[in-house]
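To start, the structure itself, in structure tokens.
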Amino acid sequence: MKVNKLAYKLIIIFTAFFTWSVKAQEIKWAKDGNSYYQSINGEIISITLPKNDRKIIMPRALLEGASNDLLRIKDFTISEDETKVLVFTNSKKVWREETRGDYYVADLKLNKVIKIGKDKPTASLMFAKFSPDGSKVAYVSKHNLYIDDLTNGITKALTTDGTENLINGTFDWVYEEEFFCRDGFRWSPDSQSIAYWQLDASKTKNFLMINNTDSIYPFVIPVEYPKVGENPSACKVGVINISSASTRWLKIPGDLVQNYIPRMDWIPGTNEIILQQLNRAQNISKIYVANIISGSVSNILTETDEAWIDPIKEWNWIDGGKEFLWVSDKDGWNHYYRISKDGKKQTLITKGNYDVIEKSLVDEKSGYLYFMASPTNYTQKYLYKTKLSGGGKLEMVTSSIFTGTHSYDIAPSGLFARHTYQNTNIPPIAEWMNFVTLNPLTMEGSLTNQLGRVKPPKNKVEFFKVTTEDGVLIDGWMKKPDNFDQTKKYPIIFYVYGEPWGQTVTDTYGVANNRLYVGDMAKDGYIYVSIDNRGTPAPRGREWRKSIFQKIGTLNIRDQAMAAKKILEWSFVDKSRVAVWGWSGGGSSTLNLLFQYPEIFKTGIAVAAVANQLTYDNVYQERYMGSPLQSKESYIKGSPLTYAKNLQGNLLLVHGTGDDNVHYQNAELLINELIKNRKVFQMMSYPNRTHSLNEGSGTSEHLALTYTQFLQKNCPPGGR
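Structure (structure tokens):
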């Protein structure tokens with residue numbers, strides 16, 4: 134029940150729309166660790182640090198003769214020997230991301246361009262990648278795997294059984310949406326084999342969406358979508374021998390349908406594969422190591438949790454492939470462990486009452502693990518380090534004078550890094566730094582110098598804390614009206630998400646922007662507020678994050694309401710003008726707040742909301758709510774549909790009829806319930822628009838106008 138991932142996650146897109154995305158601009162570091170690659174105006178250049186010396190690696194002229202599309206490079210990869218460039222262009226969206234398109238190889242030695250999959254339909258190739266030895270390119274087309282031999286130009290099919298429902302080398306809707314699984318195959322280190330996922334979605338029911346506008350007669354759009362309680366696709370992992378095109382299936386224990394395999398990769402320098410298996414309930418994680426010759430597997434690590442266990446983000450190998458890093462909150466906090474390849478030795482690396490947010494660098498040469506954390510302020514991020522061997526003290530790397538949110542893109546060599554800094558009042562600024570000395574490469578480009586040119590806003594975002602009557606300490610931010618007058622009372626707008634997928638209270642630039650409001654909320658006289666309840670992924674420990682298990686729609690809603698109750702005691706807040714709005718899971722929270730606490734919230738705008746939790750997909754909802762076979766009562770208790778009869782205030786319900794994530798049926802189920810109880814409300818449906826509601830001419834503008842008009846009418850702005 135979360136917002137779909139358009140950049141990384143859309144959970145806070147409308148409150149932090151202008152927040153600079155570091156992930157969208159990840160650096161393509163070269164092997165030497167002193168340089169990186171960029172695509173600029175149809176050519177690939179190399180930039181060498183520290184002096185930013187530029188060298189053209191792939192000239193524009195090399196591509197111009199092959200295809201005009203090539204000049205619009207979506208992405209590129211440099212071969213291991215740095216003699217070839219794999220260019221991705223003419224990209225098309227597959228559900229969330231543009232993962233389908235055309236690929237070309239620019240041979241820098243022979244000065245020629247080769248089209249990959251030249252006999253395949255236009256824009257049908259996915260996830261093309263060089264073999265480690267650079268002699269071949271593997272890719273997926275129409276759910277089958279192929280390789281193109283770059284030496285002789287021959288295309289070879291590695292699988293032939295792929296159909297609409299038998300999926301090789303990529304994934305079905307729910308694996309992509311909930312596990313971020315898209316690229317479904319991996320080259321072996323010796324270039325002789327490919328390991329890949331195969332999903333059998335033949336028994337997954339289709340959800341049928343109706344298109345009424347693109348032809349005189351409507352037609353259906355089927356989406357393979359396993360609802361709560363429905364079985365997921367059967368999943369297995371096979372290894373293809375490139376020369377024979379034969380597959381050996383790994384003998385992974387357990388039912389193919391009642392277990393998930395969200396992560397898999399080769400162990401560096403070996404013929405072994407490591408993978409993570411989660412049971413259907415996602416509260417048992419097993420790590421298996423498989424031998425590709427026999428197909429046999431051994432379980433080296435098992436972890437259980439009373440709530441859920443998240444998939445590992447990536448495999449990080451150390452000590453020459455003898456150990457890997459593992460993240461667990463089994464001691465109450467997210468921490469890194471180093472695990473031996475046989476699982477017999479486990480060493481805690483990070484230790485203390487704080488969460489590791491994400492890894493930044495494993496520097497075996499210096500013996501340190503660098504990672505992001507924020508032990509004292511859960512709205513911020515800083516770089517820390519500790520001894521990779523474990524038992525070391527926690528050392529803060531980021532200068533404490535720059536309070537806010539930091540990110541680092543560090544060269545694999547640990548020599549250089551791009552450091553980005555922002556907070557609610559400072560737009561993202563970046564400096565290139567010598568990561569050994571932690572000094573900027575130039576004083577002109579330093580954060581200190583750039584900060585001198587930043588003009589702080591007159592009306593700043595303020596952070597606050599409130600303690601509810603349940604004893605829960607809640608973080609929040611607030612943007613007061615311009616020319617704020619303490620003696621007046623102002624309307625207050627709560628922005629809410631509230632589910633385990635997103636944190637809205639972060640010290641980042643643009644966090645208090647509301648792109649759906651036409652005009653300036655502060656200038657018009659609104660107080661704008663957001664708070665993070667228990668269950669949101671703030672770095673506050675396991676108990677904070679997982680206390681929401683089987684309580685979505687109840688615990689998070691009470692936290693929001695009880696915090697709002699405290700906020701409404703502020704002398705400058707008008708209790709008669711209280712509005713709440715949210716998108717997706719935030720739309721669901723909006724409905725629940727409006728229905729469950731009508732004495733507090735007078736107006737609500739719910740966009741793309743789940744009205745009945747039993748209609749959402751199995752992976753997400755069962756992870757956080759348990760199986761509906763055992764906890765159906767919790768699903769019903771947490772669903773807005775249950776409380777629709779309590780509506781007293783003003784409701785605007787917004788939904789796209791082409792939403793493949795939160796289906797339009799949720800809006801219709803809620804509409805029926807509201808009609809049955811004679812509750813008057815307003816509704817805006819957008820034909821064929823998806824969960825993001827941004828397709829079609831004028832859609833975003835119309836949505837913003839609808840939102841603003843409804844808010845201003847039912848929760849009038851200005852101090853009184």
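Under my numbering, think of the first position of the sequence shown as 134, with each following residue one higher.
Every residue, glycine too, gets a C-beta built ideally from N, C-alpha and C.
Spatial neighbours of E159 within its chain, please: C-beta separation below 7 angstroms, excluding the five flanking residues on both sides. D542
Can you tell me which of Q781, K226, D793 puts its alpha carbon nearest to the alpha carbon of N810? Q781
Closest Cα partner of A378 within the set I190, R471, G387, S326: Proximity to A378 across I190, R471, G387, S326 peaks at S326, based on C-alpha coordinates.
Among A741, F627, I472, which one has its Cα closest to the Cα of T823? A741
Less than 8 angstroms between the CB atoms is what I'm expecting for G759 and Q693, so what's the real figure, rounded? With a beta-carbon spacing of about 22 angstroms, G759 and Q693 fall beyond the 8 angstroms limit used to define contacts.
Which whole-angstrom value describes the C-beta separation of V273 and A328, a residue pair presumed to lie in contact below a C-beta threshold of 8 angstroms? Not confirmed; about 14 angstroms, so no contact.
Which value, in whole angstroms, describes the spacing of the CA atoms of N345 and S172? 41 angstroms
Identify the residues that DSSP records as bridge partners of F221: which are they? D208, Y236
Which word fits V218, buried or exposed, when buried means at least 16 other C-beta atoms lie within 10 angstroms of its C-beta? V218 sits buried, since 16 or more C-beta atoms from the chains shown fall within 10 Å of its C-beta.
Quick check: the stretch 734–749 against the stretch 297–309, are at least 3 beta-carbon pairs closer than 8 angstroms? no
Per DSSP, cross-strand counterpart(s) of Q171: I178
Spatial neighbours of I425 in its chain, beta-carbon cut-off 6 angstroms, leaving aside the 5 residues before and after: V372, N404
Given a threshold of 16 other Cβ atoms within 10 Å of its Cβ, counted over all protein chains shown, does F92 qualify as buried or as exposed? Coverage of the chain is limited to positions 134 through 853, which leaves residue 92 absent and any answer about it impossible.
Start and end of the alpha helix (DSSP H) containing N582? 580–584
Looking only at its chain, what residues have a beta carbon closer than 6 angstroms to the beta carbon of P508, apart from the 5 residues adjacent to it on each side? Y487
S722 versus M695 - alpha carbon distance: 14 angstroms
Which runs of the alpha helix (DSSP H) at least 4 residues long sit entirely within the stretch 645–691? Give them in chain order. 654–657, 675–679
Measure the alpha-carbon distance for C368 versus D305 and round it to whole angstroms. 10 angstroms
Could you check whether the stretch 644–652 touches the stretch 839–848, counting it as contact only if at least three pairs of C-beta atoms, one from each stretch, sit closer than 8 angstroms? yes
Pairwise C-alpha distance: E439 and T687: 19 angstroms
DSSP three-state label for Y749, please. It is coil, neither helix nor strand.
For T222, tell me which candidate among K360, N510, K248 has the shortest Cα-Cα distance. K248
Proximity of Y623 and G852 at Cβ, strictly below 8 angstroms: By the CB criterion at 8 angstroms, Y623 and G852 fall inside the cutoff.
Counting Cβ pairs closer than 8 angstroms, one from the stretch 389–400 and one from the stretch 409–424, do we hit at least three? In short, these stretches touch, since the Cβ pair count reaches three.
Hey, which unbroken runs of the alpha helix (DSSP H) at 4 residues or more fall wholly within the stretch 250–328? Listed in chain order, they are 306–312.
Residues of its chain near I146, where Cβ-Cβ distance is below 6 angstroms and the 5 sequence neighbours each way are ignored: At I146 the pLDDT is 36, less than 50, meaning the model places this residue with poor confidence; the figure from the coordinates comes in the next sentence. For I146, where only same-chain residues beyond five positions count, there are no Cβ hits under 6 angstroms.
Find the nearest neighbour of W320 within the set L291, E311, L727, I343, judged by alpha-carbon distance. L291
Could you name the residues that DSSP lists as bridge partners for S854? Given a span of 134 to 853 for the chain in the structure shown, any question on residue 854 remains unanswerable.
Straight-line Cα distance separating Y517 from T531: Cα to Cα, the separation comes out at about 7 angstroms.
Please work out which residues of its chain come closer than 7 angstroms, Cβ to Cβ, to D475, disregarding the five sequence neighbours upstream and downstream, and give them in chain order. I433
Among S324, L332, G286, V713, which has the Cα closest to the Cα of V307? L332
What's the call for E456, buried or exposed, on a 16-neighbour Cβ count within 10 Å? buried
Spatial neighbours of S499 within its chain, please: C-beta separation below 8 angstroms, excluding the five flanking residues on both sides. G547
Hey, how far is the Cα of S493 from the Cα of T538? 14 angstroms
In the DSSP output, what is T637 paired with across the bridge? As DSSP reads the structure, T637 sits in no beta bridge.
Does the Cβ-Cβ distance between V361 and F340 come in under 8 angstroms? Taking 8 angstroms as the Cβ cut-off, V361 and F340 do not qualify as a contacting pair.
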